[in-house]
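Below is one structure, written out as structure tokens; comments come after it.
Number of protein chains: 4
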Amino acid sequence: MLLELESAPAPKLLPRGIMRANVFRGPGRFGLEEKAIPEAGYGEAVIRVRLTTICGTDIHIVRGEYPVREGLTIGHEAVGVIHELGPGVEGYQVGQRVMTGAITPCGQCEPCLAGDRSQCGGPLGGWKLGNTMDGTQADYVLIPHAQANLASVPDALSDEQVILLTDIASTGFSAAERGNIRLGDTVAIFAQGPIGLCATVGARLSGAAEIIVVDPDINRLRMAEDFGATMALQSGPDVTERIRKLTKGRGVDTAIEALGTQETFENALRVLRPGGTLSSVGVYSGHLKVPLDAFGAGLGDHTIVTTLCPGGKERMHRLMRLVESHRVDLTPLLTHAFSLDDIGKAYDLFQSHGDGVLKLAIRVS
Amino acid sequence: MLLELESAPAPKLLPRGIMRANVFRGPGRFGLEEKAIPEAGYGEAVIRVRLTTICGTDIHIVRGEYPVREGLTIGHEAVGVIHELGPGVEGYQVGQRVMTGAITPCGQCEPCLAGDRSQCGGPLGGWKLGNTMDGTQADYVLIPHAQANLASVPDALSDEQVILLTDIASTGFSAAERGNIRLGDTVAIFAQGPIGLCATVGARLSGAAEIIVVDPDINRLRMAEDFGATMALQSGPDVTERIRKLTKGRGVDTAIEALGTQETFENALRVLRPGGTLSSVGVYSGHLKVPLDAFGAGLGDHTIVTTLCPGGKERMHRLMRLVESHRVDLTPLLTHAFSLDDIGKAYDLFQSHGDGVLKLAIRVS
Amino acid sequence: MLLELESAPAPKLLPRGIMRANVFRGPGRFGLEEKAIPEAGYGEAVIRVRLTTICGTDIHIVRGEYPVREGLTIGHEAVGVIHELGPGVEGYQVGQRVMTGAITPCGQCEPCLAGDRSQCGGPLGGWKLGNTMDGTQADYVLIPHAQANLASVPDALSDEQVILLTDIASTGFSAAERGNIRLGDTVAIFAQGPIGLCATVGARLSGAAEIIVVDPDINRLRMAEDFGATMALQSGPDVTERIRKLTKGRGVDTAIEALGTQETFENALRVLRPGGTLSSVGVYSGHLKVPLDAFGAGLGDHTIVTTLCPGGKERMHRLMRLVESHRVDLTPLLTHAFSLDDIGKAYDLFQSHGDGVLKLAIRVS
Amino acid sequence: MLLELESAPAPKLLPRGIMRANVFRGPGRFGLEEKAIPEAGYGEAVIRVRLTTICGTDIHIVRGEYPVREGLTIGHEAVGVIHELGPGVEGYQVGQRVMTGAITPCGQCEPCLAGDRSQCGGPLGGWKLGNTMDGTQADYVLIPHAQANLASVPDALSDEQVILLTDIASTGFSAAERGNIRLGDTVAIFAQGPIGLCATVGARLSGAAEIIVVDPDINRLRMAEDFGATMALQSGPDVTERIRKLTKGRGVDTAIEALGTQETFENALRVLRPGGTLSSVGVYSGHLKVPLDAFGAGLGDHTIVTTLCPGGKERMHRLMRLVESHRVDLTPLLTHAFSLDDIGKAYDLFQSHGDGVLKLAIRVS
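Protein chains in written order, with the numbering used here: chain A, 133 to 497; chain G, 133 to 497; chain B, 133 to 497; chain F, 133 to 497.
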């Protein structure tokens with residue numbers, strides 16, 4: 133299913149206590165460096181990374197479009213093995229295989245206790261790895277609030293089967309979960325990149341009858357059909373009109389935005405029925421305008437929800453159960469595989485959008 | 133898929149304005165009679181019945197266990213064709229194929245406007261057909277509040293594909309919908325009769341990862357597996373213990389009761405995790421006791437919900453979309469077929485629980 | 133409490149079957165005309181109006197800013213007495229005092245059955261009176277779907293005590309109800325016109341601890357304090373900064389927009405905490421922009437809800453209970469009173485915003 | 133407002149590192165002992181207690197009706213001052229005045245991350261203080277998971293103003309919060325002990341129009357009226373009949389059970405309308421039977437929810453805001469005050485139900 137690595141990871145001849153890490157050096161500059169293996173403080177754990185991947189956000193980081201400090205290790209997705217447990221972390225053991233969500237909430241601050249764990253400690257604060265702390269594209273990574281975030285991976289599941297649950301599946305599913313989908317509803321999903329494809333899976337899991345997906349890329353539309361879309365439409369100026377017709381003028385019950393552009397947001401609103409929900413997981417930049425005609429001038433009983441990827445081990449365990457019970461198989465999204473040593477090539481491919489690339493498996497150990 | 137009728141329905145040689153109807157004559161006595169074809173008053177419609185079925189409730193009625201007036205036509209499930217539209221019913225035409233839920237809410241009383249449409253006008257008041265009004269086991273049936281209840285059936289769907297949506301599927305699905313199931317949750321369902329089997333379908337549609345079903349009947353357990361159960365357990369004294377083990381002591385997130393006995397209710401509560409939901413659609417008689425040890429002495433943050441079959445055309449349309457999009461196929465539940473003239477034999481078989489009977493298609497026209 | 137009318141309504145010397153009605157004749161032109169008293173068809177009722185009022189929307193109509201057909205009777209708020217009941221309307225009697233919401237849903241169409249009654253039959257379709265049907269600023273008004281919409285007024289309540297429940301209170305309260313307010317939450321409300329003031333009442337009824345209101349008008353801010361605001365701020369460029377400080381940088385849990393301008397919408401979003409809800413009941417025109425910095429670039433777990441005034445008799449009864457139990461007294465909003473014959477003067481005053489006018493009682497009979 | 137203590141707490145002449153603690157010695161035996169002052173480990177804090185109180189649960193403990201280990205310090209309610217902070221607890225300082233809920237969730241286990249914080253770690257596991265750990269009726273108490281549980285008390289609030297938020301108010305309010313109360317609803321509350329009285333406050337805060345309370349004790353009914361009850365009924369065999377009449381046969385929207393007996397539970401169900409919610413916060417013993425006639429034989433669309441007191445600092449802060457903004461004043465419930473040295477007398481009074489006692493303030497320092 134996965135491309136085989138062309139060569140096994142080379143034996144690491146690093147000094148004791150030293151590891152490889154993919155480090156941001158400034159806009160447009162990044163690459164593998166040697167760093168000290170982190171040590172686990174109170175409530176923390178260190179994971180030896182087995183598999184990681186590259187996210188669209190990482191591309192924004194290396195291009196300097198999303199600011200992080202120079203010297204930061206990039207990456208927020210990982211499956212690995214517990215290397216060290218700090219004091220206060222209980223119920224785990226060194227050597228145990230675990231995964232951790234891209235979002236690592238503390239569980240104990242005001243936002244977490246209010247249920248807004250992705251906003252841990254403040255706006256977007258649940259995203260720490262590869263953002264405000266060293267990330268996962270390295271031999272080892274320090275996991276904060278380990279008690280809340282280390283999710284044990286069942287032996288029956290491979291690293292590849294679970295790696296995408298850490299971020300894009302959790303995000304894509306949440307688009308559906310927050311969309312107020314009822315059994316038999318009609319859902320439209322705008323954009324079928326990795327997150328949009330996971331939203332398609334999520335809409336199906338949530339009981340939608342009709343799932344209409346829109347994307348410019350034929351290959352992605354085909355995969356969407358494999359993932360449960362009942363109607364795949366290529367992007368075009370008449371797409372909202374076509375969806376209106378498909379729903380006999382009624383509009384869709386839930387519209388999911390999975391890209392973060394004015395066009396997809398606007399289209400999502402234009403096909404939404406009065407009383408429906410627009411669930412947005414795209415990251416927007418610049419301006420976002422609400423077309424008031426599609427918004428009933430503010431009287432359409434619409435709901436717009438935005439969601440940052442949910443994390444925490446409880447969610448990770450639930451999502452892994454969906455894989456264990458064969459309800460979800462995300463491995464078709466892993467179109468290519470690289471070793472950590474070749475991560476530069478992996479970034480090149482991912483940025484090129486070439487060769488049908490969707491997500492990359494980066495094998496670390 | 134269905135047993136063929138041994139003979140086509142005989143040409144009806146009834147006087148003009150007269151029809152056949154299966155009438156309750158008193159405890160233990162019922163059968164076909166001639167009755168006047170009803171006429172549609174304001175807001176009403178008359179349907180020429182094509183297909184109906186027999187419900188467990190009908191058995192209680194003919195036995196005199198559930199009181200209805202003598203002379204009532206039995207039955208509350210029907211697919212048919214509009215025969216007459218009363219004044220004030222708009223957007224339909226005579227000859228149009230329609231179905232109507234077992235529950236026919238008015239949409240305009242206090243409970244309906246509060247969203248409790250099954251309790252239309254008062255306790256359990258949404259159930260009118262075959263209860264407080266003549267029902268569907270007849271050539272024609274009068275539908276009250278037709279504007280709210282006539283659901284157009286798409287040409288692509290057969291009568292057999294939709295007949296079970298009128299009651300048992302709507303009920304079984306609602307058990308899941310009201311059960312607060314999250315993606316990846318574990319659900320246990322007690323009893324796999326027709327409603328329990330539909331609850332299994334509903335749990336799967338709602339995104340459960342693990343669906344554990346319990347029933348004494350091996351054949352029903354097999355069908356449950358076809359319908360999405362991930363673990364089928366034969367009833368027995370150790371069943372709660374086995375479910376506890378399957379969930380590693382955690383208990384299930386949602387427990388569905390689909391029979392209406394002390395044992396199934398109690399077992400449902402015993403396997404439920406703290407904070408979980410017991411969703412009950414069984415009809416209880418006699419006494420119901422809550423085992424306080426399983427109930428955390430009232431401190432377990434449990435939720436118990438009961439649901440009477442939801443109706444109304446909007447729901448029927450949504451459920452039909454699930455059939456149209458091939459997400460749901462309930463026809464395996466229709467194990468036998470009879471003509472209306474043979475409805476007595478149909479009741480005999482249904483009461484006998486023989487020959488693997490689950491639900492019967494009663495062909496009227 | 134109310135200004136006394138300077139003269140009692142003059143005896144009407146109209147021909148039998150003829151009534152007075154305030155009619156839209158074209159942009160900028162409207163006034164009293166004689167019209168035939170309507171007659172009640174199936175499911176309808178005719179109400180003899182006792183008290184009505186003027187809404188901001190009516191101003192948009194007479195100015196030609198909101199299009200309605202020429203010849204339409206204006207007005208959508210009324211308390212009156214049943215004059216005639218059409219066939220199919222049961223449980224009422226001629227002479228009974230009733231009120232009806234500005235929104236008169238049928239209860240039987242797809243949107244109504246989905247719970248979106250304000251969107252009855254299609255976008256904004258629940259608003260019929262004074263929009264697509266003759267309205268309430270007349271001696272008599274025809275009420276559609278009377279069974280779902282005639283709410284009996286208890287003898288203990290005056291017309292003035294309940295008239296504002298038909299629209300602005302139902303709207304303002306809904307802003308709070310849809311805002312996900314938890315006990316002890318902090319709510320900010322932008323604009324304290326009649327709807328905003330009712331949102332203040334609604335926020336208090338919903339258990340908010342801190343209610344911060346913003347308006348340019350000192351008198352309205354004072355009334356807001358009487359209605360439950362804990363902090364009243366005059367509009368100004370630093371208002372979001374001041375609210376940030378009041379909440380110690382945390383932001384508010386719920387922000388209510390009650391005007392329909394870019395500025396108030398934007399301010400509402402700027403003071404909203406991650407994970408919070410922006411509940412909008414304003415009517416927007418032109419463009420609406422979402423400030424992405426305040427929106428977490430779409431990752432703030434924000435919810436934006438819009439609401440059109442909810443209607444139906446069940447809601448009206450519930451809101452009347454709040455008045456009966458002395459939890460709500462909206463009569464201070466009725467700053468002026470006129471007779472129907474003087475409705476032209478009433479419009480003049482209402483448009484001038486002079487004399488501290490908030491809402492007008494128009495006495496019809 | 134409070135009874136003055138007859139004498140100021142005597143200077144403590146205890147050896148360094150030694151404190152007073154009210155210890156359970158076995159069924160019927162308890163009293164002050166000397167114990168070592170606890171020390172804060174990772175993630176823990178030690179609080180010097182200023183004010184505590186006695187809960188009904190404590191009475192069950194000292195009588196041996198609720199099993200705890202011998203030697204345990206009793207009590208789970210406290211306002212105090214931070215004496216020591218363990219490693220990993222940030223954002224606090226020694227000497228800061230804080231309170232902590234009776235329920236002290238970790239925020240990081242599966243149930244906590246699923247939002248079931250009162251069931252932290254397992255059934256009822258959120259209740260640690262005075263149950264599985266030494267409690268608050270002592271000079272010092274160790275607080276587990278301090279980061280999630282230390283709630284800073286504003287200077288403007290006295291110890292007496294906030295002490296009851298730790299348990300009975302949080303519980304009583306939650307009965308209303310979980311009861312699905314809509315604005316204008318009718319609520320009946322069975323039993324008006326301290327928790328029931330707080331449920332009355334909670335129902336009012338939640339927007340109920342009519343709040344019907346039932347209790348045998350006239351004094352408690354009077355206080356209920358002060359707290360917002362609109363109708364106070366003395367217990368009696370006809371109480372459900374009277375409530376049925378008060379609601380014109382409709383039944384109440386929400387029924388709250390605040391005692392934990394068969395009679396109050398049954399009465400709550402008997403007055404509940406179809407589709408309504410029974411919210412239970414009582415602790416039951418022995419058997420609990422569900423009267424099936426009042427339960428619609430399981431078809432009444434009823435919801436029954438049980439709730440264990442919610443905790444965590446975020447909730448405590450929200451509840452304190454209700455006191456700060458003068459929406460809630462619970463001090464009338466503190467009918468008597470004692471010093472810790474006199475805690476034996478306090479237990480005597482509390483158990484006697486004499487002298488109109490509701491809750492006791494136990495002054496520690």
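Even glycine gets a Cβ: it sits at the ideal position worked out from N, Cα and C.
Could you check whether the Cβ of residue i sits closer than 8 Å to any Cβ belonging to chain G?
i	result
residue 468 of chain F	no
residue 317 of chain A	yes
residue 270 of chain B	no
Could you spell out where the beta strand (DSSP E) holding residue i opens and where it closes?
i	result
residue 167 of chain G	161-168
residue 189 of chain B	Note, residue 189 of chain B: premise wrong, no beta strand (DSSP E); alpha helix (DSSP H) at 188-194.
residue 387 of chain F	384-389
residue 216 of chain A	210-217
residue 321 of chain A	318-322
Would residue i be called buried (16 or more neighbouring beta carbons within 10 Å of its own) or exposed?
i	result
residue 419 of chain A	exposed
residue 239 of chain B	buried
residue 145 of chain B	exposed
residue 325 of chain G	buried
residue 158 of chain F	exposed
residue 310 of chain G	buried
residue 226 of chain F	exposed
residue 136 of chain F	With a pLDDT of 48 at residue 136 of chain F, under the threshold of 50, the modelled position of this residue cannot be trusted; read the value that follows with caution. So residue 136 of chain F ends up on the exposed side.
Beta-carbon of residue i versus every beta-carbon of chain A: anything under 8 Å?
i	result
residue 454 of chain G	yes
residue 357 of chain G	no
residue 116 of chain F	In the structure displayed, chain F extends from 133 to 497; residue 116 of chain F sits before or after that span and is not available.
residue 407 of chain B	yes
residue 392 of chain B	yes
residue 136 of chain G	Confidence in residue 136 of chain G is poor, its pLDDT being 48 and thus under 50, which makes the residue's placement unreliable; the coordinate value appears in the next sentence. No, residue 136 of chain G does not count as interfacial toward chain A.
Provide the residue span of the alpha helix (DSSP H) that contains residue i, from first to last.
i	result
residue 513 of chain A	It is not possible to answer for residue 513 of chain A, since the shown part of chain A is limited to 133 through 497.
Is the shortest distance between the beta-carbon of residue i and the beta-carbons of chain B less than 8 Å?
i	result
residue 416 of chain A	yes
residue 397 of chain F	no
residue 161 of chain F	no
residue 379 of chain F	no
With a cut-off of 8 Å, does the C-beta of residue i fall near any C-beta of chain F?
i	result
residue 139 of chain G	At residue 139 of chain G, the pLDDT of 47 sits below 50, so the modelled position is not reliable and the matter cannot be decided from this model.
residue 284 of chain B	no
residue 412 of chain G	yes
If you measure beta-carbon to beta-carbon, which residues of the region 236-256 of chain F are closer than 7 Å to chain A? 239, 240, 242, 244, 245, 246, 247
May I have a chain-ordered list of the alpha helix (DSSP H) segments no shorter than 4 residues that lie completely inside the region 234-274 of chain B? 242-245
With 9 Å as the limit, tell me which residues of the region 322-346 of chain B have their beta carbon closer than that to any beta carbon of chain F; keep them in chain order. 334, 336, 337, 338, 339, 340, 341, 342, 343
What ranges does the beta strand (DSSP E) occupy inside the region 394-451 of chain A, keeping only unbroken runs of at least 3 residues that lie completely in it? 404-412, 420-422, 435-438
Return the chain-ordered ranges of every beta strand (DSSP E) run that is complete within the region 333-394 of chain F and spans a minimum of 3 residues. 342-347, 363-366, 384-389
Please list, in chain order, the residues of the region 416-447 of chain A that have any C-beta partner in chain F closer than 9 Å. 444, 445, 446, 447
Selection of the region 210-222 of chain A by Cβ proximity to chain F, strictly under 7 Å: 219, 220
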